[in-house]
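Here's the structure we're looking at; comments come further down.
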Amino acid sequence: MEKIVVKGGKPLCGEVTVSGAKNAAVAIIPAAILVDGVCTIENVPNIKDVQVIVKILEYLGASVTYLDSYTLQIDSRNVKKDSAPHDLMRKMRASYYLLGALLGRFCKANVTMPGGCYFGTRPIDQHIKGFEALGAVVRQDGGVIVVEAEKLCGTNIYLDTVSVGATINIILAAALAEGTTTIENVAKEPHIVDLANFLNAMGANIKGAGTDVIRIKGVSKLSGGTYSIIPDQIEAGTFMVAAAATGGNVLVKNIIPKHMESVSAKLTEVGAKVTVFDDSIRVEGGSGHSGANIKTLPYPGFPTDMQPQIVCLLSVASGNSIVTEGVWDNRFQYVGELLRMGANIRVEGKTAFITGVSHLAGAPVRATDLRGGAGMVIAGLMAKGTTEITDIEHIDRGYENMVEKFKALGADICRVSE
Ligand code: EPZ
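With positions in the sequence shown counted from 1, the corresponding number in the working numbering is that position plus 42.
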């Protein structure tokens, strides 16, 4: 097992290039199952979650080749199986996209309930509602979900909760269905638009991604093609917050600044200087930040996946801050670790009340989940003394070369064997 060791107190300076978006890649790679041809997918991030989803596709019979470190070629024409292996499925949340993709391809899917970060119960009732509306029968047997249909027919679906996963799964199931599917109250995250753009590049007819209503005219076949995944909005935000938190000066490159608006606005509000260019953003931290109130919301609101990182920054901002989690029931597990570093935070239900302290002190802490782990790295970069972060497999699931990227910005950070 490895851990990350950070000696804090150095302002981050320089340039960092953001990788392809994890949450787009883990949807687009399974979507290749629907394609009757060869897909070339560029800007694929080199992270554990991608490795797992690639292994699942290979198990199903797809031929997957890396043309270079970031370009995947997938040929799913030989996929015959409609069920995915239990041990791989449980390694990540996005494995549930196999449900929509296999259902769309074979009118049948048989997959294990997915794993991933624990934020309280993570129901999939809206995914099931969508599949049933398209004509499928859904059974849950122990930890396995079986979805079957004679055929899938377009219909109108209203999501009771704005769900990224349900929106994506229903798009996958409907892309080849007969007739038109309209999904209302959908999620608008950039990776949903990216998935729709990928499928359209392969011949699908999907309109409205990025708005509240998506319309999918089923097509009889998707053919191959080439597509490049968007930059990772959350990795970009993590570096932006880290730059501000350490009082540094960092140019975050290869991003879509529009996707960063809520993060840029909050960083400006707490006193950082944010300069936006065409495909990069410079963040200058200055000395000291003021507290702020934040509520996480579906896109274009402040992302829940940036909540731990910004709470770490606010833990040393002057005055009081209130951060309310508006997406998940329970996403403050990492706060216990931050308290070990001297933060003054009280969590009541879905709200964290933060009183800024003068500094954090290095301590042994755990990455409780992917973004909580990113928060611990930021806390370590800000803290006086040495922070040792264990359970870093969570971080490796979603950040490519995080340690190397921070090191290149001047951080005193390394991975060591425990
Ligand atoms: C996606 O998870 C992301 N994961 C998460 O990022 C992210 O936190 C989340 O969207 C919200 O932005 C991937 O894209 C792989 P949801 P997902 O369905 O799709 C409730 C990260 O750190 N809900 O939008 O699982 C649910 O309980 C990860 O990269 C239902 O009630 O999230 C939650 O409260 C962590 N019924 C809310 O909706 C359902 O059927 C949003 O969940 C589905 C969801």
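All residues carry an ideal CB built from backbone N, CA and C; glycine is no exception.
If you draw a straight line from the Cα of A453 to the Cα of Y139, it is about 37 Å long.
Distances taken from the Cβ of S205 to the heavy atoms of ligand 1 include one shorter than 6 Å.
Taken in chain order, the complete alpha helix (DSSP H) segments of 4 residues or longer contained in the segment 332–412 are 349–356, 377–382. Uninterrupted beta strand (DSSP E) stretches at least 3 residues long and entirely within the segment 223–265 occur at 247–249, 255–259, given in chain order.
Under the three-state reduction of DSSP output, R132 falls in the coil class, being neither helix nor strand. Contact fails between the segment 284–291 and the segment 253–270, because fewer than three Cβ pairs, one in each stretch, are under 8 Å apart. Relative to ligand 1, even the nearest heavy atom lies 6 Å or more away from the CB of T154. In the DSSP assignment, V180 falls outside any alpha helix (DSSP H) and within the unbroken beta strand (DSSP E) covering 179–183.
Taking 7 Å as the cut-off, the Cβ atoms of C149 and A191 count as close. The segment 402–413 and the segment 341–351 touch, with three or more beta-carbon pairs separated by less than 8 Å. In this structure, the CA atom of I431 is about 16 Å from the CA atom of G440. Here the segment 213–224 does not lie against the segment 47–62, with fewer than 3 beta-carbon pairs under 8 Å apart. For R324, the enclosing beta strand (DSSP E) stretches over residues 322–326. Contact between A136 and I95 holds, with the beta-carbon distance rounding to 7 Å and staying under 8 Å. Pairing I396 with S357 gives a Cβ-Cβ distance under 7 Å. Its chain contains E44, K45, V47 as the residues whose beta carbon lies nearer than 7 Å to that of V458, once the 5 sequence neighbours on both sides are disregarded; these appear in chain order. Not one heavy atom of ligand 1 is found less than 6 Å from the C-beta of P72.
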